[in-house]
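Below: one structure, written as structure tokens.
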Amino acid sequence: MRVISGAFGGRRLQVPRGDDTRPTSERVREALFSILGTEVAGARVLDLFAGSGALGIEALSRGAASATFVDSAEAAVRCIRANLSALSAPGEVSRSDVAAYLRTASGRGRHYDLVFLDPPYSSAARVGTELSTRLPDVLSPGATVVCESGRRQILALELPLRDERHYGDTLLRIHDSP
388 MRVISGAFGG
398 RRLQVPRGDD
408 TRPTSERVRE
418 ALFSILGTEV
428 AGARVLDLFA
438 GSGALGIEAL
448 SRGAASATFV
458 DSAEAAVRCI
468 RANLSALSAP
478 GEVSRSDVAA
488 YLRTASGRGR
498 HYDLVFLDPP
508 YSSAARVGTE
518 LSTRLPDVLS
528 PGATVVCESG
538 RRQILALELP
548 LRDERHYGDT
558 LLRIHDSP
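Here it is as structure tokens:
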């Protein structure tokens with residue numbers, strides 16, 4: 388897997404081994420960042436269920452101001468740190484349950500302009516309600532939230548839906564904060 392474009396374009400990324408992480412394909416990432424366009428430049432990015440960190444790293448490569456990566460798996464956190472180090476890229480990495488991280492971030496007054504949500508497809512449907520409750524507390528006005536899920540396991544958020552795209556078995560839903 389590689390970074391598609393920007394400052395780190397063409398650079399390879401490590402991916403956690405095993406079946407616990409399903410990296411976003413290069414095709415889907417390329418399409419997503421084409422849709423987002425100039426929204427990425429200068430954005431404060433939050434990459435939840437980060438896995439390899441590919442989405443947040445792609446955003447940094449394309450000019451995001453900062454990126455925070457959250458994943459509960461130690462292997463994923465090690466992988467993200469290795470990828471950031473290999474690229475000499477800035478980034479904050481947190482090994483945490485997503486709901487716990489959102490509570491902490493909200494309490495600290497953190498706000499993000501661009502949020503990526505890419506939970507395991509099997510849990511996408513059940514995490515939507517909790518994320519809909521906690522996520523708005525960390526969104527900047529006009530923030531964009533990108534949800535990736537399977538076509539049959541939809542990650543539904545109670546936020547205005549801007550766009551929805553299908554790429555094979557992958558569903559991308561792009562929401563705007565109110």
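Residue 388 is where the sequence shown starts when you use our numbering, and the numbers rise one by one after that.
Ideal Cβ placement from N, Cα and C applies to all residues, glycine included.
Tell me the residue span of the beta strand (DSSP E) that contains V533. First-last of the beta strand (DSSP E) with V533: L526 to G537.
Among A530, I561 and L548, which has the Cα closest to the Cα of R431? The candidate whose alpha carbon is nearest that of R431 is A530.
Report, in whole angstroms, the separation of the C-beta atoms of L542 and A511, which I expect to be a contact under 8 Å. Yes, L542 and A511 are in contact; Cβ-Cβ is about 4 Å, under 8 Å.
Cβ-based neighbour list, R416, same chain, cut-off 8 Å, excluding 5 preceding and 5 following: Within the same chain, R416 has close Cβ partners I391, A441, L442 and E445.
Quick check: V457 and V485, are their CB atoms within less than 7 Å of each other? With contacts defined as CB atoms closer than 7 Å, V457 and V485 qualify as a contacting pair.
Drop a sphere of 10 angstroms on the beta-carbon of E535, count the other beta-carbons inside from all chains shown, and report buried for 16 or more, exposed for fewer. Its Cβ being crowded by 16 or more others within 10 Å, E535 is buried.
Could you give the DSSP three-state label for T411: helix, strand or coil? Three-state DSSP puts T411 in coil, outside helix and strand.
Check the C-beta distance from R495 over to S459 and give it rounded, since I have them as a contact under 8 Å. With a Cβ gap of about 19 Å, R495 and S459 do not count as contacting.
Could you pull the DSSP bridge partners for H553 from this structure? Paired residues: L558.
Near L518, which residues of its chain fall below 7 Å by C-beta distance, leaving aside the five closest residues on each side in sequence? Contacts found: L504 and L544.
Can you check which of these residues, A451, V514 and F436, is closest to R409 by C-alpha distance? Sorting A451, V514 and F436 by C-alpha distance to the C-alpha of R409 places F436 at the top.
How many Å lie between G393 and G424 at the Cα? If you take the alpha carbons of G393 and G424, they lie about 12 Å apart.
For P528, count neighbouring C-beta atoms within 10 Å of its own C-beta (all shown protein chains included) and say buried if the count is 16 or more, exposed if not. Label assigned to P528: exposed.
Should L548 go down as buried or exposed, given a rule of 16 or more other Cβ atoms within 10 Å for buried? Answer is exposed; the Cβ neighbour count stays below 16.
Which residue's Cα is closest to the Cα of V427: M388, V464, Y499 and G397? Minimum Cα distance to V427 is reached at Y499.
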